[in-house]
Amino acid sequence: MNETLHAAPVKIGEKSIDTEHDLQMQMLDSLSEALQKGGDFSPSRYILEQFIEFSDMHFLSEQLVMRLHSYPGYETHLEAHTRLMKKVRKIRESVFRGENAPSLELVEELRDWLLNHVASEDVAFGEFLREKEGRSA
Ligand SMILES: [Fe+2]
Ligand SMILES: [Fe+2]
22 MNETLHAAPV
32 KIGEKSIDTE
42 HDLQMQMLDS
52 LSEALQKGGD
62 FSPSRYILEQ
72 FIEFSDMHFL
82 SEQLVMRLHS
92 YPGYETHLEA
102 HTRLMKKVRK
112 IRESVFRGEN
122 APSLELVEEL
132 RDWLLNHVAS
142 EDVAFGEFLR
152 EKEGRSA
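If you're matching positions, the sequence shown starts at 22 in the numbering used here and goes up one per residue.
Below you can see the structure in the form of structure tokens.
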């Protein structure tokens, strides 16, 4: 397994969010493995549906915490989540068409994108939360 391809996400410092990011990456890795194996597409479809359900929940919960704390970057962050889910739908179409290599490529792209999102936008939100907690302490 390529180490850089399957690098772990950066920690943002909020335990539950960090755990969810780890799970998102693990699901994408399982999806890549299933696609690499080729053959029957039903495991890939199943993992992808799980990823979609879990990511919807994760993004909604992140957005909820942002709103609770009147995060000024909320709108931009919401747009980033929407763009990500658009990419996921593209993968879904490709997987359901039974395209192996193109699906795999899209999954690797998504993984990179998600790692970058966590390392920049999610980290920025984590810092905002810590600063806020620091001020009220
Ligand atoms: Fe996130
Ligand atoms: Fe996010």
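Don't be surprised by glycine CBs; every beta carbon is placed ideally from N, CA and C.
Since this is a predicted model, take the numbers as computed values, not measurements.
Kindly indicate which three-state DSSP category proline 64 falls into: helix, strand or coil?
Mapped onto the sequence shown, residue 64 falls at position 43. Reduced to three states, the DSSP call for proline 64 is helix.
How do the region 137-153 and the region 118-127 stand: do at least 3 beta-carbon pairs fall below 8 angstroms, yes or no?
no
Closest Cα partner of leucine 44 within the set Gly147, Ser63, Ile68 and Ala55
As a first step, residue 44 must be located in the sequence shown, where it is residue number 23. Nearest C-alpha to leucine 44: Ile68.
Grab me the residues of glycine 147's own chain with a C-beta within less than 6 angstroms of its C-beta, minus the 5 sequence neighbours each way, in chain order.
Along the sequence shown, read from residue 1 onward, the residue named residue 147 stands at position 126. Taken in chain order, the residues that qualify are Ile33, Gly34 and Glu35.
State the DSSP-derived secondary structure class of valine 144, mapped to helix, strand or coil.
As a working note, residue 144 is residue 123 in the sequence shown. Here valine 144 sits in helix by DSSP.
Tell me the rounded alpha-carbon separation between histidine 102 and histidine 90.
Position 81 of the sequence shown, counted from the start, is the residue given in the question as residue 102. Position 69 of the sequence shown, counted from the start, is the residue given in the question as residue 90. Distance between the alpha carbons of histidine 102 and histidine 90 is about 18 angstroms.
What three-state label does DSSP hand serine 115 in the structure shown?
In the sequence shown, the residue the question calls residue 115 occupies position 94. It is helical.
Could you check what DSSP says for lysine 32 in three-state terms: helix, strand or coil?
In the sequence shown, the residue the question calls residue 32 occupies position 11. DSSP places lysine 32 in coil when its eight states are reduced to three.
DSSP state of histidine 90, grouped into three classes?
Taking the first residue of the sequence shown as position 1, residue 90 is located at position 69. Looking at histidine 90 - three-state DSSP - the assignment turns out to be coil, as it is neither helix nor strand.
To the nearest angstrom, how far is it from the Cα of tyrosine 76 to the Cα of serine 157?
Position 55 of the sequence shown, counting from 1, holds the residue named residue 76. Position 136 of the sequence shown, counting from 1, holds the residue named residue 157. It is serine, not tyrosine, that sits at residue 76 in the sequence shown. C-alpha separation (whole angstroms): 31 angstroms.
If we ignore side chains and look at the alpha-carbon of each, how far apart do leucine 56 and serine 115 end up?
Along the sequence shown, one-based indexing puts residue 56 at 35. Along the sequence shown, one-based indexing puts residue 115 at 94. Going from the Cα of leucine 56 to the Cα of serine 115 covers about 11 angstroms.
For glutamate 74, does the count of other Cβ atoms within 10 angstroms reach 16, so buried, or fall short, so exposed?
Here residue 74 refers to the residue found at position 53 of the sequence shown. Label assigned to glutamate 74: exposed.
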